[in-house]
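From first to last, the protein sequence lines stand for chains A and B.
According to UniProt numbering, the first sequence holds residues 1 to 155 in order.
According to UniProt numbering, the second sequence holds residues 1 to 107 in order.
Report on one structure; see the data block that follows.
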Amino acid sequence: MELKTKINAEDGKQELVITRDFDLPVSLLFKAYIEPGIVEQWMGTKVLKLENKKHGGYQFETSDTKGNVVLQINGAIHEYIPNQKITRTFEMENSPFAVQLEFLEFEALTENTSKLTMQIVYKSNALRDQMMQLPFKQGINMAHNRLQEIVNKLK
Amino acid sequence: MNLRRDVFQAIADPTRRAILLLVTSHSMTAGAIASNFDTARPTVSKHLKILTECELLQQTQNGREVHYTINAERMREVAEFIEPFIKMWDDRFNKLEDIMKNYKPEN
Numbered sequence: 001m002e003l004k005t006k007i008n009a010e011d012g013k014q015e016l017v018i019t020r021d022f023d024l025p026v027s028l029l030f031k032a033y034i035e036p037g038i039v040e041q042w043m044g045t046k047v048l049k050l051e052n053k054k055h056g057g058y059q060f061e062t063s064d065t066k067g068n069v070v071l072q073i074n075g076a077i078h079e080y081i082p083n084q085k086i087t088r089t090f091e092m093e094n095s096p097f098a099v100q101l102e103f104l105e106f107e108a109l110t111e112n113t114s115k116l117t118m119q120i121v122y123k124s125n126a127l128r129d130q131m132m133q134l135p136f137k138q139g140i141n142m143a144h145n146r147l148q149e150i151v152n153k154l155k
Numbered sequence: 001m002n003l004r005r006d007v008f009q010a011i012a013d014p015t016r017r018a019i020l021l022l023v024t025s026h027s028m029t030a031g032a033i034a035s036n037f038d039t040a041r042p043t044v045s046k047h048l049k050i051l052t053e054c055e056l057l058q059q060t061q062n063g064r065e066v067h068y069t070i071n072a073e074r075m076r077e078v079a080e081f082i083e084p085f086i087k088m089w090d091d092r093f094n095k096l097e098d099i100m101k102n103y104k105p106e107n
C-alpha cells in the first residue's frame, strides 16, 4: 500500500520536506496542531505548554508505560498565522541532537481537503541523515530489548 | 555502517530515485536513461556511478553496450532502512486524520 506521506531529502542538503494531503478542511487540520488535547492524542505525548502565538513556546513530555519520562521536547514559536503557517524550533532536551527549525504550511486544496508541507532544517547534512535513520535504529533496539526480555524470562 | 549511509544518501536524492524507477521495468543504457532528464549527461553519469557503487544498480555488458538493471534484493534492504522514518510520520498523520474526522466542536 502506498503511504500518503511523502518525504523529500535531497542529497547533500541539511533539510527535508514532508508533505501530506488530508481528507480534512484546512481549519480542522490546523486545529489538530493547536488544541493541546488533540495534539496529545495523535502525537502520543503530554502537552505541558502550547502558546499559539508569535514569541510563544511549547513543551511536550513523553513517558513510558511505567510513567518514566523518556522524552522532553520544547521549542519557540516564531510565526503564527491561523490556518496558514507555523514557524517554530524543535529541541529534544538532554539529547546530543542540535535544535531544528520547522516551517509548517497549511493550505486548502478543496473545501474538504487540505495539504501540509513541513520543511525541517537541521544544523548539518550529517545530522539530518542521522535523524532520518533514528526510527530504524530505535526499531532495532526495541527488537533487541524484546529479545532480551524473552531471554531473561528463560533464565 | 559507512556503506549503509552511502546507500541511504543515494536514495534520498530525487533524480536518483527517478533513475531507479526508470530501470525497475527493464534494463536500460546510460544514454536511454539520460534522455529522460533535462540534466547534463555527465550529471546523470555521476548518479549512475553512485547507484552502481551502492549496488542498487547492476551493470551488464551487452555487446558494446552497458545496460543498467536494478538490484532488487539491495533495494528491499534499503527500503527497510528508510521506511521506519516515513512510516512514523504516516502513522502519526493517519491518526490525526482519524481524530479530526470524528471531531465535534464542544460548543
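Note that the Cβ used here is the ideal one computed from N, Cα and C, for glycine as well.
Does any residue of chain A bring its CB to less than 8 angstroms from the CB of Asp38(B)?
Start at 1 with the first residue of the second sequence, and residue 38(B) comes out as number 38. No, Asp38(B) lies away from the interface with chain A (no Cβ there is under 8 angstroms from its Cβ).
If you follow the beta strand (DSSP E) that Ser27(A) is in, where does it begin and where does it stop?
Along the first sequence, read from residue 1 onward, the residue named residue 27(A) stands at position 27. First-last for Ser27(A): Val26 to Ile34, but that is the alpha helix (DSSP H), not the beta strand (DSSP E).
Restricting to Cα atoms, I'd like to know which of Lys46(A), His78(A) and Glu149(A) is closest to Asp64(A).
In the first sequence, residue 64(A) corresponds to position 64, counting from 1. Ranking Lys46(A), His78(A) and Glu149(A) by Cα distance to Asp64(A) puts Lys46(A) first.
Which value, in whole angstroms, describes the spacing of the CA atoms of Arg20(A) and Phe106(A)?
Residue numbering aside, residue 20(A) sits at position 20 when the first sequence is read from its first letter. Residue numbering aside, residue 106(A) sits at position 106 when the first sequence is read from its first letter. Going from the Cα of Arg20(A) to the Cα of Phe106(A) covers about 10 angstroms.
Among Gly57(A), Glu61(A) and Ser114(A), the one whose alpha carbon lies nearest that of Gln84(A):
Indexing the first sequence from 1 puts residue 84(A) at position 84. Gln84(A) has its Cα closest to that of Ser114(A), out of Gly57(A), Glu61(A) and Ser114(A).
Evaluate Leu29(A) with the Cβ neighbour count: other Cβ atoms within 10 Å of its Cβ, from every protein chain shown; 16 or more gives buried, anything less gives exposed.
Taking the first sequence and counting its residues from 1, the one referred to as residue 29(A) is at position 29. The residue is buried, with at least 16 neighbouring Cβ atoms inside 10 Å.
For Ile99(B), return the contacting residues in chain A, with the cut-off set at a CB-CB distance below 8 angstroms.
Here residue 99(B) is taken as the residue at index 99 of the second sequence, counted from 1. Near Ile99(B) (Cβ distances below 8 angstroms), the residues of chain A are Ala32, Ile38, Gln41 and Trp42.
Give a yes or no on whether the C-beta atoms belonging to Thr89(A) and Leu71(A) are separated by under 8 angstroms.
Indexing the first sequence from 1 puts residue 89(A) at position 89. Indexing the first sequence from 1 puts residue 71(A) at position 71. Not a contact, by the Cβ cut-off of 8 angstroms.
Stretch-stretch touch, CB-based, cutoff 8 angstroms, three pairs: the region 24 to 39 of chain A with the region 108 to 127 of chain A:
yes
Tell me the rounded alpha-carbon separation between Ile86(B) and Gln59(A).
Here the question's residue 86(B) lines up with position 86 in the second sequence. Here the question's residue 59(A) lines up with position 59 in the first sequence. Near 24 angstroms, if we compare the C-alpha coordinates of Gln59(A) and Ile86(B).
How many Å lie between His74(B) and Thr24(B) at the Cα?
Reading the second sequence from its first residue, position 74 is the one you call residue 74(B). Reading the second sequence from its first residue, position 24 is the one you call residue 24(B). It should be noted that the sequence gives Arg, not His, for residue 74(B). C-alpha separation (whole angstroms): 13 angstroms.
Considering Lys46(B), what are the terminal residues of the alpha helix (DSSP H) in which it resides?
The residue given as residue 46(B) occupies position 46 in the second sequence. Its alpha helix (DSSP H) spans residues Arg41 to Glu53.
State buried or exposed for Leu21(B), treating a residue as buried only when at least 16 other CB atoms are found within 10 Å of its CB.
Within the second sequence, the letter at position 21 stands for residue 21(B). With fewer than 16 Cβ atoms within 10 Å of its Cβ, Leu21(B) is classed as exposed.
Could you check where the beta strand (DSSP E) with Leu56(B) kicks off and where it finishes?
In the second sequence, residue 56(B) corresponds to position 56, counting from 1. Counting along the chain, Leu56(B) falls outside any beta strand (DSSP E), and DSSP gives it neither H nor E.
So if DSSP puts Leu50(A) in a beta bridge, which residue, or which two residues, is it bridged to?
Counting from one through the first sequence, the residue named residue 50(A) turns up at place 50. For Leu50(A), which the question treats as bridged, DSSP gives the partners Tyr58(A).
Can you determine whether any heavy atom of the ligand MN sits closer than 7 angstroms to the C-beta of Tyr103(B), and answer yes or no?
This structure does not include the ligand MN; it has no bound ligands of any sort.
Can you pull the chain A residues whose beta carbon is under 9 angstroms from the beta carbon of Ile70(B), in chain order?
On the second sequence, residue 70(B) is found 70 positions in, with the first residue counted as 1. Within chain A, no residue has its CB atom less than 9 angstroms from the CB of Ile70(B), the nearest being about 19 angstroms off.
Can you give me the C-alpha to C-alpha distance between Lys66(A) and Gly44(A), rounded to a whole angstrom?
Stepping through the first sequence from its first residue, residue 66(A) is reached at position 66. Stepping through the first sequence from its first residue, residue 44(A) is reached at position 44. Between Lys66(A) and Gly44(A), the C-alpha separation is close to 15 angstroms.
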